[in-house]
Structures are given as structure tokens and as C-alpha cells.
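Enquirer: For the sequence shown, our numbering gives the first residue as 2, with consecutive numbering after it.
No residue lacks a Cβ here, since even glycine has one placed at the ideal position from N, Cα and C.
Remember, predicted model here, so these are calculated numbers, not experimental data.
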Amino acid sequence: MLPELYDAIFSRKAIRKFDPTPLGDEVVTEIKTFMDNELVPMNAGIAIQHQIVARKDMRGMLATKAQQYIPVFSEPKEGYAVNVGFTMQQVDLFLSTKGIGSCWQAMPRPGKGLKSAASGEYLIALVIGSPVEPLHRKDRSEFARKTVSQISSIPPGDAVMDDVLEAARLAPSGTNNQPWFFTGDAENSVLHAYCRKANALLKRIFHKMNEISMGIALCHAWLALEHEGKTPEFVVDGAARDHPPKGYSYISSLHFS
2 MLPELYDAIF SRKAIRKFDP TPLGDEVVTE IKTFMDNELV PMNAGIAIQH
52 QIVARKDMRG MLATKAQQYI PVFSEPKEGY AVNVGFTMQQ VDLFLSTKGI
102 GSCWQAMPRP GKGLKSAASG EYLIALVIGS PVEPLHRKDR SEFARKTVSQ
152 ISSIPPGDAV MDDVLEAARL APSGTNNQPW FFTGDAENSV LHAYCRKANA
202 LLKRIFHKMN EISMGIALCH AWLALEHEGK TPEFVVDGAA RDHPPKGYSY
252 ISSLHFS
């Protein structure tokens with residue numbers, strides 16, 4: 002995976018103001034090539050479909066002046082929303098390295114033509130375009146995020162784990178909900194990821210969005226481990242799964258060596 006993606010974690014931002022001019026064919030081809038050849042899924046057994054489409058192909062609340070979108074469809078298998086977040090966050094970070102603005106959007110919906118041609122369930126879209134606002138943050142103080150101690154029970158002091166948690170902490174999430182919590186053991190090289198449970202009233206709205214957000218945070222953690230020279234692997238840890246922190250549900254574990 003491109004090392005630039007890790008670096009982008011610490012400066013990327015969601016762009017909401019776009020130039021009305023569509024991205025050129027050469028830029029679109031570069032993005033498509035990356036999506037077709039470079040993406041690493043969290044679960045290779047779940048098929049994802051994505052493409053760059055024009056604004057006219059989308060419906061609902063569309064981003065101001067943005068002319069292009071990447072709607073994402075997936076096979077509806079266990080963990081598919083997490084897998085979409087993990088996979089497509091690589092696109093978000095790649096766009097940031099190329100000077101292209103992007104933003105996760107839950108409100109736009111594919112038009113009838115896209116829905117009938119696509120296979121799988123529509124989950125979310127990335128809106129993309131040339132930004133007319135600053136593309137990158139100047140420093141980490143500009144991130145409105147919880148502290149590491151608020152999202153993890155892992156004691157500080159291990160260089161690798163500290164880097165991983167910081168990268169995960171800076172992940173974007175739906176409505177900046179930051180639903181993640183991490184436990185683990187630096188000595189045994191394992192990180193366990195949990196998602197805060199939504200109450201009954203909000204579950205229908207936030208459940209899939211929170212799972213997509215979890216995938217985004219796990220993408221950041223995975224990139225940080227790669228940056229640290231580790232070999233990360235996603236596994237289901239029975240003990241972690243069966244003993245989640247109160248108010249959280251188990252998502253996955255990262256073992257690394």
C-alpha cells in the first residue's frame with residue numbers, strides 16, 4: 002500500500018466546497034486505476050462495486066456544486082459495511098494525496114439507472130472534485146476528535162500501539178460520531194475493535210453508518226501498522242468477541258508481527 006496514504010491521515014479533511022467544473026478525464030482515469038488495482042479489502046470474500054458517476058446519476062441531498070460521485074454497492078454479507086469503510090477509506094486518502102477533495106456522504110442515493118445496473122446493496126458515496134477551500138489541515142489540533150484515553154483502555158508507552166491508536170483516533174465518522182473503542186495488548190501484538198451500540202431509536206439510522214465508520218478507523222490502524230513495519234492480519238478473537246466492554250459490540254481484531 003502506498004506510504005503516502007499513511008501520511009495523509011494526519012492532514013486530510015472532509016471537503017464540502019467544490020469547483021463546479023468536473024474532474025478531467027486524465028484524473029478520472031488515475032482514480033479508476035487506483036480503485037481497480039490497488040485497493041486492499043478487509044474481507045476479500047465480499048464483493049464491492051464502485052464507479053465514478055456524474056451528479057445527474059445521483060438523487061437526494063447532493064453536495065453543493067460537486068459534479069462527480071463514487072457510489073458504493075456491496076454484497077450483503079456479515080461485516081460488509083465495515084469492509085466498505087475499510088476499503089473506500091483508502092480511496093479517500095488517495096484523493097487527498099492527489100489534491101482532490103472528497104467527502105463521505107450518506108444522503109445522496111443512486112438514481113434508477115445506477116441501481117438497476119448495480120449488483121449488491123447500496124451503502125454510501127464519496128463525493129469528489131476540485132476543492133475551493135483548503136484541502137489539508139495545518140496540524141492535528143484542527144481535528145475535532147476524542148482523546149486516545151477516551152477511545153481505548155490500552156496504556157500509553159508502546160511506540161507502535163501509540164501510533165496505531167493515534168491514527169485510528171483521527172478517522173472520520175458519520176456525524177463525527179466516533180463510535181470506536183479499542184482494547185488490546187502491546188506485548189502480545191493484538192488490537193481489538195468495538196463499536197458503540199446505538200439505542201433502539203437511533204439504531205435504524207446509525208447502525209450501518211457506525212459500521213462503515215469502524216471500517217474507516219480500522220483502515221487507519223492497519224496503515225499505521227504497515228508504516229511501523231508490521232504485518233497486520235484481521236482475525237476473529239473469541240475471547241474479545243465474547244467479552245466486549247459494556248455498551249459496545251465486537252467488530253474485529255488485528256494481530257500483527
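Quick one: using the 10 Å Cβ neighbour count with 16 as the cut-off for buried, is residue 84 buried or exposed?
Expert: Answer is buried; the Cβ neighbour count reaches 16.
Enquirer: Could you tell me whether the Cβ atoms of residue 199 and residue 98 are closer together than 8 Å?
Expert: No, these two residues do not count as a Cβ contact at 8 Å.
Enquirer: Please say whether residue 23 and residue 228 have beta carbons closer to each other than 8 Å?
Expert: Going by C-beta atoms, residue 228 is not nearer than 8 Å to residue 23.
Enquirer: Out of 247, 144, 131 and 208, state which residue places its alpha-carbon closest to the alpha-carbon of residue 184.
Expert: Nearest of 247, 144, 131 and 208 to residue 184, Cα basis: 247.
Enquirer: Looking only at its chain, what residues have a beta carbon closer than 7 Å to the beta carbon of residue 112, apart from the 5 residues adjacent to it on each side?
Expert: 58, 59 and 60.
Enquirer: Name the two residues that bound the continuous beta strand (DSSP E) containing residue 164.
Expert: Run containing residue 164: none in the beta strand (DSSP E); it sits in the alpha helix (DSSP H), 160-170.
Enquirer: Mind checking residue 78: buried by the 16 CB within 10 Å criterion, or exposed?
Expert: Counting Cβ neighbours within 10 Å, residue 78 comes out exposed, since fewer than 16 surround it.
Enquirer: Using three-state DSSP, classify residue 8 as helix, strand or coil.
Expert: Residue state, collapsed to three classes: helix.
Enquirer: Find out if the Cβ-Cβ distance for the pair residue 128, residue 70 is shorter than 8 Å.
Expert: Closer than 8 Å, so yes.
Enquirer: Assign residue 240 to one of three DSSP states: helix, strand, or coil.
Expert: In this structure, residue 240 counts as helix in the three-state DSSP scheme.
Enquirer: How far does the beta strand (DSSP E) with residue 183 in it reach, from first residue to last?
Expert: Its beta strand (DSSP E) spans residues 181-186.
Enquirer: Can you tell me the Cα-Cα spacing of residue 1 and residue 126, whole angstroms?
Expert: For residue 1 there is no data in the structure shown, the boundaries of the chain being 2 and 258.
Enquirer: Run through DSSP, which three-state label would residue 1 get?
Expert: A query on residue 1 cannot be resolved here, the shown segment of the chain reaching from 2 to 258 and no further.
Enquirer: Report yes if the C-beta distance between residue 51 and residue 36 is below 8 Å; otherwise report no.
Expert: Yes; because the gap between Cβ atoms is below 8 Å, this pair is in contact.
Enquirer: Among residues of its own chain, excluding the 5 on either side of residue 7, which ones have a beta-carbon nearer than 6 Å to its beta-carbon?
Expert: Taken in chain order, the residues that qualify are 224 and 228.
Enquirer: Residues in its own chain within less than 6 Å of residue 95 by CB, not counting five upstream and five downstream?
Expert: Counting only Cβ-Cβ distances below 6 Å, and skipping sequence neighbours, we find 35.
Enquirer: Where residue 190 and residue 162 are concerned, what is the direct C-alpha to C-alpha distance, given to the nearest angstrom?
Expert: Those two C-alpha atoms are separated by around 9 Å.
Enquirer: Taking DSSP's pairing of strands, which residues face residue 126 in a bridge?
Expert: 72 and 106.
Enquirer: Output the boundary residues of the alpha helix (DSSP H) element that contains residue 91.
Expert: Taken as a continuous stretch (DSSP letters only), the alpha helix (DSSP H) holding residue 91 covers 81-98.
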